[in-house]
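Asker: Pasting a structure here, questions to come.
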Amino acid sequence: MRLLLAALLCLASLPALADSYLTRQLNHPVPGGVAVLDLGKAPSAPEAFYDGKPVLVVKEQANWRAIVGLPLSAKPGAQSIQVREGAAQRSLSFGLGSKRYPEQRITLKNQRQVNPNPADLARIDKELAEQTRAYRSFSPNTPSNLLLDRPVGGKLSSRFGVRRFFNGEERNPHAGLDFAVPAGTPIKSPAAGKVILIGDYFFNGNTVFVDHGQGFISMFCHMSKIDVQNGQVLARGEVVGRVGSTGRATGPHMHWNVSLNDARVDPAIFIGAFEP
Ligand code: ZN
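Numbering (the numbering used here), first residue to last: 31 to 306.
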C-alpha cells in the first residue's frame, strides 16, 4: 500500500514538471508551431540543435528549456533535437502533431508579381539569400521577453500558414501574421534587439530584421518608411518604421514574421492569439 502510494505520488509529480509557464504559453508542437522541451537542471546552459541548427535555450526557474521553431515543412510524427552538455551528447525526442491551414485567393493587377521576369528572378534569388543569412544568424544574448508585445494595435487580418493562390497560381504559404492598420502607423519592436538587416525587396518591400537573441528574430515588411539603421540596438517598444504597402501587397498592412532556429513560426503564439 505504501509502495503504491509512493508510485502514485511519483506519477502525480510528472505533469507538474512538464506543465511549466513557458510550456503552457508557447508549446504548440505542429508544423509552423513551437515545441518547448525540458532540458533538465544542468549547472550551465546545454546547447540544443534542431535539423543541425542552434536552438534558443532559456532558464525557467531551475530548468533549462529549448524553445524549438518547427517549420511548416516539418513532418508530423516523431521528431528530435540534439542536446550537448560539455562532451556529452544525447537525442531528445518529441511528438509533432498536424495542423490544417486554410486557403486564400488573392488577385494582383501586376502580373509580374505573380510570374516575375528573368531579371526579377535574379534579383529575388539574391534577396532570398541575403534574408536567409539573416534568419540563420545566432547571437549569444538571451531575449528580453519570449511573450512578445504586439508591434501595432489593430485587428489581425491574414493569419500565418495560409496557403495562398495569386491570380489562381499557388505560391509560398503566408510566413507571417498581418495586422489591419492604416499606412503610417508606427511599428514597435516587440522585444529588445538589434537591427541585423534592412532592405528594399521585390516581394517584401521596405524590410527590417530585428535579432532578439539566440536566433529569435522578427521581420517587418511592406513598410512606407524605415526609422532605424543597420546595427542599431533597440529597446523593447522602440519604433522600427511605419506601416505601408511597398513590395507585393494589395494595400497597407503590417506584416510580421517570427523565426526560431531559421524556422518561420506563427507569431500569434507569442502574443497569446494562437488558433489551433
Ligand atoms: Zn502578410
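Quick reminder that beta carbons are idealized off the backbone N, C-alpha and C, glycines included. Keep in mind that this is a model prediction, so the values were computed, not measured.
Just list the alpha helix (DSSP H) runs in the stretch 126 to 189, keeping only unbroken ones of 4 residues or longer that don't cross its boundaries, in chain order.
Answerer: 148 to 165, all fully within the stretch 126 to 189.
Asker: Have a look at Val66, Glu268, Gln259, Gly245 and flag the residue whose alpha-carbon is nearest the alpha-carbon of proline 216.
Answerer: The shortest C-alpha separation from proline 216 is found at Glu268.
Asker: List the endpoints of the continuous alpha helix (DSSP H) containing threonine 215.
Answerer: Where threonine 215 is concerned, there is no enclosing alpha helix (DSSP H), given that its DSSP letter is neither H nor E.
Asker: So the candidates are Ile154, Arg114, Glu199, Gly62; which of them puts its Cα closest to the Cα of serine 103?
Answerer: Cα-wise, what sits closest to serine 103 is Gly62.
Asker: Between alanine 298 and leucine 227, is the Cβ-Cβ spacing less than 8 angstroms?
Answerer: No, they are not a contact pair.
Asker: On the criterion of 16 or more Cβ atoms from any shown chain inside 10 Å, does glycine 70 qualify as buried, or is it exposed?
Answerer: Exposed is the call here.
Asker: From arginine 166 to aspartate 292, what distance separates their C-alpha atoms?
Answerer: Taking the straight line joining both Cα atoms gives about 5 angstroms.
Asker: In whole angstroms, what is the alpha-carbon distance linking isoleucine 111 and histidine 252?
Answerer: Cα to Cα, isoleucine 111 sits roughly 34 angstroms from histidine 252.
Asker: Given this structure, state the Cα-to-Cα distance separating threonine 162 from glutamine 91, to the nearest angstrom.
Answerer: Answer to the nearest angstrom: the Cα atoms are 33 angstroms apart.
Asker: With a CB to CB cut of under 8 angstroms and the five nearest residues on each side skipped, what residues in its chain are close to cysteine 40?
Answerer: Because the pLDDT of cysteine 40 is 46, which lies under 50, any placement of that residue in the model is unreliable, and the number read from its coordinates should be weighed accordingly. Excluding residues within five positions, none has a Cβ falling inside 8 angstroms.
Asker: Say the cut is 7 angstroms; is the CB of glycine 235 nearer than that to a heavy atom of the ligand ZN?
Answerer: For the ligand ZN, not one heavy atom lies less than 7 angstroms from the Cβ of glycine 235.
Asker: Applying the criterion that 16 or more other CB atoms from any shown protein chain within 10 Å of the CB defines a buried residue, is leucine 44 buried or exposed?
Answerer: Unreliable positioning characterises leucine 44 in this predicted model, as indicated by a pLDDT of 46, which lies under 50. A coordinate reading is not provided.
Asker: Alpha carbon to alpha carbon, how far is arginine 120 from alanine 213? Give it in angstroms, no decimals.
Answerer: Each residue's Cα considered, the two are about 49 angstroms apart.
Asker: Could you tell me whether any non-hydrogen atom of the ligand ZN is closer than 7 angstroms to the CB of glycine 198?
Answerer: No.
Asker: So is alanine 303 buried or exposed if we call it buried at 16+ other beta carbons inside 10 Å?
Answerer: It is exposed - the Cβ of alanine 303 has fewer than 16 other Cβ atoms within 10 Å.
Asker: Measure the Cβ-Cβ separation of glutamine 109 and arginine 278 and say whether it is below 8 angstroms.
Answerer: Going by C-beta atoms, glutamine 109 is not nearer than 8 angstroms to arginine 278.
Asker: With C-beta atoms as the reference, is asparagine 202 less than 8 angstroms away from methionine 249?
Answerer: Against a cut-off of 8 angstroms, the Cβ pair of methionine 249 and asparagine 202 comes out as no contact.
Asker: Would the beta-carbon of valine 238 fall within 8 angstroms of that of glycine 271?
Answerer: Yes. Within cutoff.
Asker: Under the assumption that glutamine 134 contacts asparagine 197 (Cβ atoms under 8 angstroms), give the Cβ distance between them as a whole number of angstroms.
Answerer: Not a contact, Cβ separation roughly 13 angstroms.
Asker: What first and last residue would you give for the beta strand (DSSP E) that runs through threonine 276?
Answerer: That residue, threonine 276, is in no beta strand (DSSP E); it is neither H nor E in DSSP.
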